[in-house]
Amino acid sequence: MEHYRFILYIAGHSARSERATQQLLNMCEQALHGRYELVVIDVLEQTEVAEQEKILATPTLVKESPLPKRRITGDLSDLNRVLAALGIVINDTDQHTVT
Amino acid sequence: MTSENTIKRNPRDWIDLRGLNVILIEADAVVASRLLAAIAEAGGGSFVVTHFRNLDECVGSLQDKPADAVVVDLTTLDGNPVRSVEALRECAVGAAIIVLTSENHERMAVEALHAGAQDFLVMEQLTVDALARSLCGAVERQRMLQQLRDRLDRLEAEEARFRTIVETTTDGIVIVDPTGQISFVNPAAETLFGRSARDLIESPFGFPVVVGATTEIDLVRPDGTVTVAELRVAESQWEGRPAAIASLRDITERRMMEERERSLMREQAARAAAEASEQRARFLAEVGSVLADSLDHRQSLRSLAELVVPFLADWCIVDLLETDGSMQRIAVVNADPAKAAAAQRLASFTPDPTALLGSARALRTGQPQLITDITDDFLRRLTSRDDYWEAMRAVEPRSALIVPLVARGRALGTIVLIVAASGRHYSEQDLKFAEELARRAAITVDNARLYQEAQAANRSKADFLAVMSHELRTPLNAVIGYADLLLMGVPVPVPAAIQTQIQRIRSSARHLLRLIEEILAYARMEAGREELELDNIDVIEFMRDLRTIVEPMAEDKRLQLMIDLPDAPVRLRTDAGKLQQILVNLLSNAIKFTETGKVGLSFDVDSGVAEFRVWDTGIGIQPELVSRIFEPFWQVEPSRTRRAGGTGLGLTVARRLARLLGGDIEVHSKPNFGSEFVVRIAPSLTKPAG
Chain A
32 MEHYRFILYI AGHSARSERA TQQLLNMCEQ ALHGRYELVV IDVLEQTEVA EQEKILATPT
92 LVKESPLPKR RITGDLSDLN RVLAALGIVI NDTDQHTVT
Chain B
85 MTSENTIKRN PRDWIDLRGL NVILIEADAV VASRLLAAIA EAGGGSFVVT HFRNLDECVG
145 SLQDKPADAV VVDLTTLDGN PVRSVEALRE CAVGAAIIVL TSENHERMAV EALHAGAQDF
205 LVMEQLTVDA LARSLCGAVE RQRMLQQLRD RLDRLEAEEA RFRTIVETTT DGIVIVDPTG
265 QISFVNPAAE TLFGRSARDL IESPFGFPVV VGATTEIDLV RPDGTVTVAE LRVAESQWEG
325 RPAAIASLRD ITERRMMEER ERSLMREQAA RAAAEASEQR ARFLAEVGSV LADSLDHRQS
385 LRSLAELVVP FLADWCIVDL LETDGSMQRI AVVNADPAKA AAAQRLASFT PDPTALLGSA
445 RALRTGQPQL ITDITDDFLR RLTSRDDYWE AMRAVEPRSA LIVPLVARGR ALGTIVLIVA
505 ASGRHYSEQD LKFAEELARR AAITVDNARL YQEAQAANRS KADFLAVMSH ELRTPLNAVI
565 GYADLLLMGV PVPVPAAIQT QIQRIRSSAR HLLRLIEEIL AYARMEAGRE ELELDNIDVI
625 EFMRDLRTIV EPMAEDKRLQ LMIDLPDAPV RLRTDAGKLQ QILVNLLSNA IKFTETGKVG
685 LSFDVDSGVA EFRVWDTGIG IQPELVSRIF EPFWQVEPSR TRRAGGTGLG LTVARRLARL
745 LGGDIEVHSK PNFGSEFVVR IAPSLTKPAG
């Protein structure tokens with residue numbers, strides 16, 4: 032069974048940041064049933080990480096594993112769109128594969 | 085052969101050459117006429133052919149009238165043939181140039197072609213057909229070239245227009261490939277990201293996901309500043325591959341304004357909340373004063389209900405639980421005069437303490453209840469009585485708070501707050517406030533009841549004492565009366581030795597009577613049964629009577645009694661009996677606590693206030709005890725009690741009587757030098773001597 036590792040980059044504690052974090056948590060709970068690890072990084076606090084990863088915009092969500100690494104930016108509210116953009120496919124038997 | 089076929093085709097089929105404007109440059113006149121004829125023939129007579137002998141003549145003409153083709157004979161032309169072709173190229177823009185060379189001069193022909201000539205013909209082999217073919221091909225090539233140039237120019241212009249749009253638009257444009265890498269950015273995007281295009285291209289932006297038309301993202305600059313941008317995405321192609329075109333609009337200013345507005349609104353809300361809480365605090369203070377205003381707790385509750393409407397409710401109903409377990413309606417207050425009849429009907433009902441809902445429930449459980457929305461169903465279940473139901477319906481309640489009055493763990497009653505016409509709905513916060521209100525009201529009710537109970541208990545005690553004192557006094561009066569008779573020799577004179585003993589009996593009986601009188605007076609006052617009997621008294625006569633009463637006691641202790649009568653007659657409107665009681669008490673105290681020396685009484689009127697002074701040269705009172713001497717059952721010191729005797733009520737009674745007369749008693753004392761008690765009677769009770 033796949034284990035997912037995500038990094039969510041946010042900028043400060045704005046309403047946008049909070050919404051993104053909440054939406055991502057909802058998504059992970061709904062679709063990944065606890066088989067995930069989520070790190071939230073505030074680029075305003077961890078500026079060197081932001082520069083190193085070249086975070087140009089937030090919220091940016093990076094799927095670190097399983098490979099291939101995927102990165103999306105924008106609205107994380109639509110579960111299916113986010114999963115599709117991250118290349119996560121969930122089939123009916125609840126087996127997760129990565130395209 | 086295919087090429088043969090093509091060549092043999094009539095040139096006029098390839099391209100429409102009719103009306104072609106052809107220039108011939110030929111220095112040799114003979115050759116020129118031959119060539120003019122050949123060109124005319126090649127064009128089937130449709131060509132306009134102009135002949136010039138040299139380049140300069142031709143250049144002048146070309147400025148007026150552009151040519152389609154120039155045929156130039158390099159074999160007879162002066163000067164460098166290559167330069168000539170170049171010069172022609174310059175001035176005959178759009179014209180096809182065909183050069184004529186001689187045999188063995190292929191090199192020159194090649195140079196001419198390099199310089200911009202379309203074709204060359206060898207003079208020695210020149211035929212009309214070759215000339216026609218060459219002219220046709222050259223013009224066609226030239227026209228195609230021109231078309232290409234024109235198209236290129238148009239494309240360039242078009243590209244410039246688009247470039248201008250892309251480069252000058254204030255929206256950032258970012259083209260992102262399916263992996264989220266940036267393929268293109270416009271200058272506005274560079275500004276938004278705070279990075280150069282070189283830095284951005286091939287950087288990972290992340291695949292843009294937008295649900296709906298737009299979404300908001302934060303753009304993070306290398307310096308750590310953040311721009312809020314509205315992101316739009318269009319699916320497209322870029323360099324033949326799928327791509328997302330993201331446009332970014334800076335909405336930082338808009339967001340900041342909204343943020344400012346929000347914070348302003350929050351500030352206003354906070355201020356409004358502070359004002360509301362201040363208003364509530366003020367209201368509670370007012371409630372406190374209303375509740376403290378009356379000793380009658382029913383009246384206090386009615387005032388409270390009046391205060392609550394309309395600040396907190398449109399209706400306020402207060403019910404009290406009586407000691408017999410019944411409920412009594414204390415107040416129904418209503419803000420709407422049109423509903424006065426309904427209010428009256430509600431006021432006439434006695435609530436049913438066994439009801440399942442509403443006040444009865446709050447009373448039983450001691451729990452408050454918030455009813456945000458009152459339904460018909462709730463009203464229906466509120467009571468089994470149709471008339472009560474009708475009365476409640478007439479109120480048209482929308483929302484209600486039912487709070488029990490709970491003190492010391494007991495529910496004493498309920499306050500019901502109802503919102504009707506004003507249309508608001510109660511919240512948890514309102515409930516808390518109502519509970520606070522109820523708590524205060526409950527304490528008031530509880531205190532009032534405690535006070536009433538204590539008063540009743542005190543009264544019954546006082547009643548008992550009054551009866552007892554009266555019962556004791558009757559036999560005592562008989563004892564004193566018969567002793568008097570015996571001393572008067574009725575029915576028969578008694579021997580002197582027996583007389584002394586009878587006198588002792590009488591003296592003790594009198595002492596006992598005084599004690600009983602004191603108790604009786606105290607009891608009467610405690611029971612609140614002391615009444616004033618006002619009369620105009622003659623102060624001198626009054627003081628003489630006093631002397632008669634206390635003289636025997638002073639004589640017993642061999643004390644000098646100094647009654648200082650006023651010089652002129654004075655009349656005083658007061659209760660003579662009570663005033664006498666006060667002064668006899670003070671004088672007998674003075675005698676009691678003085679072993680040697682003097683005891684005195686004087687009278688004065690000081691700015692309309694009547695003042696009696698009772699003084700002695702006795703033991704005095706310790707300063708720290710002065711304040712306590714008026715307390716009931718209190719005596720200066722236990723050891724002294726045995727010597728002095730008494731009930732410990734004398735001064736208490738004296739002060740209360742003085743206050744009853746609208747005055748008071750003041751005491752000045754110095755231990756071992758004596759005391760002075762000043763009795764003042766209220767000015768309203770004094771009357772100048774008349």
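From first to last, the protein sequence lines stand for chains A and B. To get my numbering, take the position in the first sequence, counting from 1, and add 31. To get my numbering, take the position in the second sequence, counting from 1, and add 84. By construction, the Cβ of each residue, glycine as well, lies at the ideal position given by its N, Cα and C atoms.
Environment of residue i [buried if 16+ CB atoms lie within 10 Å]
i      : result
B/E198 : Inspection of the sequence shows that residue 198 of chain B is occupied by His rather than by Glu. So B/H198 counts as exposed.
B/Q644 : exposed
B/I249 : exposed
B/A638 : buried
A/G43  : exposed
B/T299 : buried
B/N164 : exposed
B/S511 : exposed
A/E79  : exposed
Beta-carbon spacing of residue i, residue j below 7 Å
i      : j      : result
B/L441 : B/L485 : no
B/V759 : B/G704 : Here residue 759 of chain B turns out to be Ser, not Val, going by the sequence shown. Yes; because the gap between Cβ atoms is below 7 Å, this pair is in contact.
B/K662 : B/L560 : no
B/V479 : B/A426 : yes
A/K94  : A/L110 : no
B/V258 : B/A330 : yes
B/I182 : B/A126 : no
B/L570 : B/V578 : yes
B/V317 : B/V294 : yes
B/R137 : B/A153 : no
A/I38  : A/V74  : no
B/L489 : B/A525 : yes
B/A116 : B/H135 : yes
B/I414 : B/L405 : no
Residue i versus residue j - alpha carbon distance
i      : j      : result
B/L670 : B/K545 : 26 Å
B/E614 : B/G681 : 36 Å
A/E84  : A/R102 : 11 Å
A/E76  : B/L391 : 56 Å
B/D162 : B/S168 : 9 Å
B/F687 : B/L630 : 13 Å
B/I107 : B/D234 : 24 Å
B/A505 : B/S373 : 29 Å
B/K676 : B/D700 : 10 Å
B/R594 : B/P636 : 12 Å
B/V166 : B/E208 : 21 Å
B/A562 : B/G573 : 17 Å
B/Y606 : B/R739 : 11 Å
B/R628 : B/A567 : 25 Å
B/S553 : B/I603 : 7 Å
B/R608 : B/Q539 : 14 Å
B/E286 : B/S280 : 12 Å
B/E370 : B/L521 : 11 Å
B/A376 : B/V634 : 47 Å
B/E342 : B/L348 : 9 Å
A/A51  : B/V312 : 15 Å
Proximity test, residue i beta-carbon vs the ligand NAP heavy atom, cut-off 6 Å
i      : result
B/V490 : The ligand NAP is absent from the structure shown, which contains no ligands of any kind.
- Task: Return the residues of the segment 268–301 of chain B that lie within a Cβ-Cβ distance of less than 7 Å from chain A, sorted by chain order.
- Result: F277, S287, P288, F289, G290, F291, P292, V293, V294, V295, T299, E300, I301
- Message: Along the segment 397–430 of chain B, where does the CB come closer than 7 Å to a CB of chain A? Name the residues.
- Response: none
- Message: If the cut-off is 7 Å on Cβ atoms, which residues from the segment 303–318 of chain B count as contacting chain A, listed in chain order?
- Response: L303, V304, P306, G308, V310, L315
- Name the residues in the segment 63–90 of chain A whose C-beta lies less than 9 Å from a C-beta of chain B; which are they? V74, L75, T78, A81, E82, E84, K85, I86, L87, A88, T89, P90
- Near-chain A residues of the segment 236–270 of chain B - C-beta to any C-beta below 7 Å: G264
- beta strand (DSSP E) segments (min. 3 residues) lying fully within the segment 355–409 of chain B: 399–405
- Query: When Cβ atoms are compared, which residues of the segment 111–122 of chain A fall closer than 8 Å to chain B?
  - Reply: R112, V113, A116
- Message: As an exercise, report each continuous beta strand (DSSP E) stretch of at least 3 residues that is fully enclosed by the segment 60–108 of chain A, in chain order.
- Response: 67–73, 91–96, 101–105
- Using a Cβ cut-off of 8 Å, which residues of the segment 100–111 of chain A contact any Cβ in chain B, in chain order? From the segment 100–111 of chain A, only R101, R102, I103, T104, G105, D106, L107, S108, D109 have a Cβ closer than 8 Å to chain B.
- Item | 3-residue-minimum beta strand (DSSP E) runs that sit fully inside the segment 130–208 of chain B, ordered along the chain | 132–136, 153–157, 180–185, 203–206
- Please list the segments of the alpha helix (DSSP H) lying wholly inside the segment 651–715 of chain B, counting only runs of 4 or more residues, in order along the chain. 660–676, 707–710
- Query: Considering only residues of the segment 443–479 of chain B, which uninterrupted beta strand (DSSP E) runs meet the minimum length of 3 residues and lie entirely inside it, listed in chain order?
  - Reply: With a minimum length of 3 residues, the continuous beta strand (DSSP E) runs that stay inside the segment 443–479 of chain B are 453–455.
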